[in-house]
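K.L.:
Let me begin by handing over the structure; questions about it come next.
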Amino acid sequence: MPATNRTGDIAPAERTPAERAADHAALARLADTLVPALAGKLGAGSLGEIEIREDGWAVRVRRSAPDAGRRASDRSADRARHTGLPGHTGPHAPHAPAQAPVAEPVASSDGPVHAAATAPVVGVFRPGLSVGARVRTGDRIAVVDLLGIPQDVAAPVDGVLVEVLAQAGDGVEYGQEVAVIEAAAPKAAPAAPSTDGEG
Amino acid sequence: MVSRILIANRGEIALRILRACRTLGIEAVVAYSEADRESLPAMLADEAICIGPADARRSYLSAPALISAALVTGCDAVHPGYGFLSEDDAFADAVRAHGLTFIGPPADVLDKFASKAEVRRLLATHGLPTVPGSGLLADEEQALAEAARVGYPVLLKPSAGGGGKGMRMVRSPRELAAVLPICRSEARAAFGDDSLYLEKWLEDNRHVEIQVAVDKYGHGVHLWERDCSIQRRHQKILEESPSPAMSAAGRKELAERAIKAVVAAGYENVGTLEFLVDSEGNAYFIEINCRIQVEHPVTEMLTGIDLVATQIRIASGEPLGFAQEDVPQRGHAIEFRINAEDPAHDFRPGAGTIERFNAPGGPGVRFDSHAYVGYEVPPYYDSLLGKLIVWAPTREGAIARGRAALSELIVDGVTTNVAIHRALLQSEPFLSGKFTTNLLDRVGGAAFLAAAERPG
Chain A
1 MPATNRTGDI APAERTPAER AADHAALARL ADTLVPALAG KLGAGSLGEI
51 EIREDGWAVR VRRSAPDAGR RASDRSADRA RHTGLPGHTG PHAPHAPAQA
101 PVAEPVASSD GPVHAAATAP VVGVFRPGLS VGARVRTGDR IAVVDLLGIP
151 QDVAAPVDGV LVEVLAQAGD GVEYGQEVAV IEAAAPKAAP AAPSTDGEG
Chain B
1 MVSRILIANR GEIALRILRA CRTLGIEAVV AYSEADRESL PAMLADEAIC
51 IGPADARRSY LSAPALISAA LVTGCDAVHP GYGFLSEDDA FADAVRAHGL
101 TFIGPPADVL DKFASKAEVR RLLATHGLPT VPGSGLLADE EQALAEAARV
151 GYPVLLKPSA GGGGKGMRMV RSPRELAAVL PICRSEARAA FGDDSLYLEK
201 WLEDNRHVEI QVAVDKYGHG VHLWERDCSI QRRHQKILEE SPSPAMSAAG
251 RKELAERAIK AVVAAGYENV GTLEFLVDSE GNAYFIEINC RIQVEHPVTE
301 MLTGIDLVAT QIRIASGEPL GFAQEDVPQR GHAIEFRINA EDPAHDFRPG
351 AGTIERFNAP GGPGVRFDSH AYVGYEVPPY YDSLLGKLIV WAPTREGAIA
401 RGRAALSELI VDGVTTNVAI HRALLQSEPF LSGKFTTNLL DRVGGAAFLA
451 AAERPG
């Protein structure tokens with residue numbers, strides 16, 4: 001069963017509050033009706049990514065990378081990840097200000113929304129919280145040691161830690177997915193990427 | 001010998017280092033930023049590891065990220081390539097402190113050769129000619145006396161300066177007296193220090209550099225010169241060897257003085273000494289580059305010596321293994337830098353996806369490039385897409401091979417500077433070998449192209 005991501009992006013630069021509310025409503029509608037259908041399509045075929053545009057909004061559904069380690073041999077499946085970063089408005093648009101990589105909410109096709117926590121730096125993984133722990137956005141789940149200095153792996157959403165993907169002492173690269181959070185309120189997720197001020 | 005190297009760089013030089021590792025039987029791990037995930041070196045390496053975001057300050061310029069990546073991937077050495085942290089003595093020292101071998105000069109050597117002014121003084125004491133100049137100028141009277149001694153025109157320079165700020169070229173005592181107070185106030189405003197000195201202004205100069213290699217045991221050789229006078233805005237775009245401006249005796253003498261001076265001064269590993277050569281053939285030392293250089297393949301074509309492998313062997317503590325008489329200067333080589341930039345529009349850098357691509361081939365043709373069909377040229381880094389190097393027994397032969405090879409090169413989807421190279425191979429100053437560093441900048445890229453297109 002393929003995991004899929006959904007991202008609402010290409011937020012128009014200037015929208016009035018009323019327009020923005022309409023945008024959100026449209027996005028929620030798109031997410032509710034389209035995403036399951038698209039996820040099904042994506043699961044059946046070999047496409048890595050499908051994008052639907054409507055009323056100035058786009059919903060992009062893409063297959064997540066099968067291997068968080070991203071070795072050269074299987075990197076092609078991962079291509080969509082960095083070519084479709086939100087915030088790109090053209091070939092010369094700079095990346096968003098340097099921050100830890102954005103973890104995108106991941107919806108499996110049958111309901112609960114999962115989000116991956118990623119390594120903020122390249123280094124040695126040390127686990128922290130155990131599976132089952134309740135977390136708030138920004139909580140430290142684990143750390144990555146950068147030359148002995150611990151750097152927090154932060155929870156990307158409120159929810160429950162359902163899986164830790166790295167072992168104690170593992171070397172992890174920048175942006176590698178190291179833990180999975182099941183989001184507390186699945187319905188909140190589509191509205192979360194209303195990226196005001198981005199774009 | 002080291003056994004597993006982290007390549008702390010990107011683009012064509014990462015690929016070049018990877019090739020040297022493979023020929024030496026050394027494993028190679030490529031460190032890449034998020035923007036270089038799909039790059040050729042990352043794909044071809046034994047292992048590739050993401051070290052940070054596109055922003056070089058958090059990836060290729062982050063010493064902690066690079067050293068951490070080397071440690072978690074089990075490397076025992078780091079090759080910094082060129083640019084980025086390649087000449088940073090603090091990085092070299094940190095690499096060593098973590099038990100890794102830095103492929104380049106040791107930290108103390110980098111530190112010793114870091115300051116341009118210090119290095120000029122140091123190498124002058126070991127017999128290298130430097131640009132005639134003054135010490136700090138106390139007042140107008142002293143400035144006039146020093147300028148008269150050095151000879152007009154002179155370049156007035158702030159001691160604390162850099163980047164051309166506060167510099168003035170003056171042609172007469174009257175002009176010097178007039179601009180001295182202006183330069184002082186500009187220097188004070190820009191650097192908080194109004195001390196000035198002056199240097200002889202070398203009007204029509206060429207840029208000639210001597211490649212050297214010195215092992216840990218003080219055994220050094222020179223690998224002859226490269227002429228890098230074809231530049232745009234002080235950036236080299238075409239390099240060749242031998243220099244068409246130097247006589248056989250002149251180049252031998254300069255190369256021998258250069259290697260003698262750097263060995264005496266305690267240099268170690270591969271390096272390059274840069275000289276300005278004036279219209280009378282006098283060479284003046286300006287600086288040393290303590291790294292592998294973009295144009296190193298020119299020397300490799302002439303000598304048959306792998307300079308990157310030599311760097312790795314020297315850093316591993318091996319003796320050089322060859323003597324000066326084993327370094328031939330055979331035939332003629334020209335390198336064309338293929339940049340993603342538009343020569344018709346002020347060399348504006350470009351980005352985009354390569355849609356069609358063909359690398360030139362044939363006898364005496366080498367193409368070092370990380371380009372491939374579908375490669376997205378990221379906008380974050382320098383614009384070098386590849387280097388075409390041609391070799392032939394004579395300069396005329398190399399030019400003919402250059403023309404043939406450039407006609408085979410296809411890069412669609414991204415604007416490149418290939419047109420400027422084709423124009424150079426039609427231009428009288430280039431063909432006759434009589435050109436100086438301002439050949440392109442005097443008229444500008446667009447005008448140079450237009451002139452080449454005119455028939456006759």
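Keeping their order, the protein sequence lines are chains A and B. Its first residue numbered 1, the first sequence is counted upward by one per residue in our numbering. Its first residue numbered 1, the second sequence is counted upward by one per residue in our numbering. Every residue gets a Cβ at the ideal spot worked out from N, C-alpha and C, and that includes glycine.
#1: Chain A beta carbons: is any one of them nearer than 8 Å to that of residue 394(B)?
#2: For residue 64(B), would you say it is in contact with chain A, using Cβ-to-Cβ distances shorter than 8 Å as the test?
#3: Apart from the five residues just before and just after residue 107(B), which ones in its own chain have a Cβ nearer than 7 Å to its Cβ?
#4: Which residue from 168(B), 255(B) and 77(B) puts its Cα closest to that of residue 327(B)?
#5: Candidates 71(B), 15(B) and 141(B): which alpha carbon is nearest residue 123(A)'s?
#6: Report, in whole angstroms, the separation of the C-beta atoms of residue 261(B) and residue 301(B), which I expect to be a contact under 8 Å.
#7: Using the rule of at least 16 other Cβ atoms within 10 Å of the residue's Cβ for burial, across every protein chain shown, is residue 339(B) buried or exposed?
#8: Using C-beta distances below 6 Å, list every residue in its chain close to residue 383(B), excluding the 5 sequence neighbours before and after it, in chain order.
#9: Which residues, taken in chain order from the region 165-177 of chain A, show a beta carbon closer than 7 Å to some beta carbon of chain B?
#10: What residue ranges within the region 318-373 of chain B form continuous alpha helix (DSSP H) runs of no fewer than 4 residues, ordered along the chain?
#11: Give the residues from the region 10-41 of chain B that approach chain A closer than 7 Å (Cβ to any Cβ), ordered along the chain.
#12: I want to verify the contact list: residues of chain B whose CB lies under 7 Å from the CB of residue 124(A), in sequence order.
#13: Quick one: which chain A residues come within Cβ less than 9 Å of residue 52(B)?
#14: Quick check on the DSSP output: the beta strand (DSSP E) that includes residue 226(B) runs from which residue to which?
#15: Can you name the residues of chain B whose CB is closer than 8 Å to the CB of residue 146(A)?
#16: Evaluate residue 74(A) with the Cβ neighbour count: other Cβ atoms within 10 Å of its Cβ, from every protein chain shown; 16 or more gives buried, anything less gives exposed.
#17: So, is residue 246(B) buried or exposed, given that buried needs 16 or more other C-beta atoms within 10 angstroms?
#18: Evaluate residue 58(B) with the Cβ neighbour count: other Cβ atoms within 10 Å of its Cβ, from every protein chain shown; 16 or more gives buried, anything less gives exposed.
#19: If you run the structure through DSSP and keep just helix, strand and coil, what is residue 68(B)?
#20: DSSP beta-bridge partners for residue 200(B)?
#21: Can you find a CB in chain A that lies within less than 8 Å of the CB of residue 49(B)?
#22: What's the gap between the Cα of residue 76(A) and the Cα of residue 5(B)?
#23: Starting from the C-beta of residue 425(B), find all residues in its chain whose C-beta is less than 8 Å away, skip the five residues before and the five after it, and write them out in chain order.
#24: Measuring alpha carbon to alpha carbon, tell me which of 365(B), 330(B) and 26(B) ends up nearest residue 394(B).
#25: Rounded to whole angstroms, how far is the Cβ of residue 154(A) from the Cβ of residue 125(A), which I believe are closer than 8 Å?
#26: Apply the 10 Å Cβ neighbour rule to residue 233(B) and answer buried if 16 or more other Cβ atoms are within range, or exposed otherwise.
#27: Under 8 Å, do residue 199(B) and residue 154(B) count as touching if we go by C-beta distance?
#28: Provide the residue span of the beta strand (DSSP E) that contains residue 4(B), from first to last.
#29: Express the C-alpha separation of residue 120(A) and residue 276(B) in angstroms, rounding to a whole number.
#30: Which full runs of the alpha helix (DSSP H) of 4+ residues lie inside the region 108-155 of chain B, going along the chain?
#31: Any idea which residues DSSP pairs residue 273(B) with across the strands?
#32: Would you call the region 280-298 of chain B and the region 112-123 of chain B touching, i.e. three or more CB-CB distances under 8 Å?
#33: How would you label residue 241(B), buried or exposed, when you count the other beta carbons within 10 angstroms and need 16 or more for buried?
#34: Is the beta carbon of residue 167(B) closer than 8 Å to that of residue 156(B)?
#35: Are three or more beta carbon pairs between the region 47-58 of chain B and the region 21-37 of chain B nearer than 8 Å?
#36: Between the beta-carbon of residue 158(A) and the beta-carbon of residue 140(A), is there less than 8 Å?
P.N.:
According to the structure data:
#1: Interface annotation, residue 394(B): not in contact with chain A, CB-CB separation never under 8 Å.
#2: At least one chain A Cβ lies under 8 Å of residue 64(B).
#3: Within its own chain, the residues whose Cβ lies closer than 7 Å to the Cβ of residue 107(B), once the five positions on either side in sequence are excluded, are 89, 92, 93 and 96, listed in chain order.
#4: Cα-wise, what sits closest to residue 327(B) is 255(B).
#5: The shortest Cα separation from residue 123(A) among 71(B), 15(B) and 141(B) belongs to 71(B).
#6: The C-beta distance from residue 261(B) to residue 301(B) rounds to 26 Å, too long to meet the 8 Å contact threshold.
#7: Under this definition residue 339(B) is a buried residue.
#8: Within the same chain, and ignoring the five residues on either side of residue 383(B) in sequence, the residues whose Cβ sits closer than 6 Å to its Cβ are 339, 340, 341 and 349.
#9: Cβ contacts with chain B: 171, 173, 174 and 175.
#10: Every candidate alpha helix (DSSP H) stretch fails here, since none sits fully inside the region 318-373 of chain B while reaching 4 residues.
#11: Cβ contacts with chain A come from 34, 37 and 38.
#12: Per Cβ cutoff of 7 Å: 72.
#13: Residues of chain A passing the Cβ test: 98, 121, 122, 174 and 175.
#14: 220-232 is the extent of the beta strand (DSSP E) around residue 226(B).
#15: Chain B residues near residue 146(A): 64, 65 and 68.
#16: Confidence in residue 74(A) is poor, its pLDDT being 35 and thus under 50, which makes the residue's placement unreliable; the coordinate value appears in the next sentence. So residue 74(A) ends up on the exposed side.
#17: With 16 or more other Cβ atoms within 10 Å, it is buried.
#18: Buried, since its Cβ has 16 or more Cβ neighbours within 10 Å.
#19: DSSP places residue 68(B) in helix when its eight states are reduced to three.
#20: In the DSSP output, where bridge partners are listed per residue, residue 200(B) has 154(B).
#21: A Cβ of chain A is located within less than 8 Å of the beta carbon of residue 49(B).
#22: Below a pLDDT of 50, predicted positions are generally treated as unreliable, and residue 76(A), at 34, falls in that range; no measurement from the model is reported.
#23: Here the set comprises 399, 402, 403, 406 and 431.
#24: Looking from the CA of residue 394(B), the closest CA among 365(B), 330(B) and 26(B) belongs to 330(B).
#25: Not really, about 14 Å apart at Cβ, beyond 8 Å.
#26: Per the 10 Å Cβ criterion, exposed.
#27: With contacts defined by Cβ atoms closer than 8 Å, residue 199(B) and residue 154(B) form a contacting pair.
#28: Under the DSSP assignment, residue 4(B) falls in the beta strand (DSSP E) whose first and last residues are 4-7.
#29: Here the alpha carbons of residue 120(A) and residue 276(B) stand approximately 47 Å from one another.
#30: List check, alpha helix (DSSP H) in window: 116-125 and 140-150.
#31: In DSSP, residue 273(B) forms a bridge with 210(B) and 288(B).
#32: Yes, the region 280-298 of chain B touches the region 112-123 of chain B.
#33: Around the beta-carbon of residue 241(B), 16 or more other beta-carbon atoms lie within 10 Å, marking it buried.
#34: The answer is yes: Cβ separation under 8 Å.
#35: Contact between the region 47-58 of chain B and the region 21-37 of chain B is present, because at least three Cβ pairs lie under 8 Å.
#36: With contacts defined as CB atoms closer than 8 Å, residue 158(A) and residue 140(A) fail to qualify as a contacting pair.
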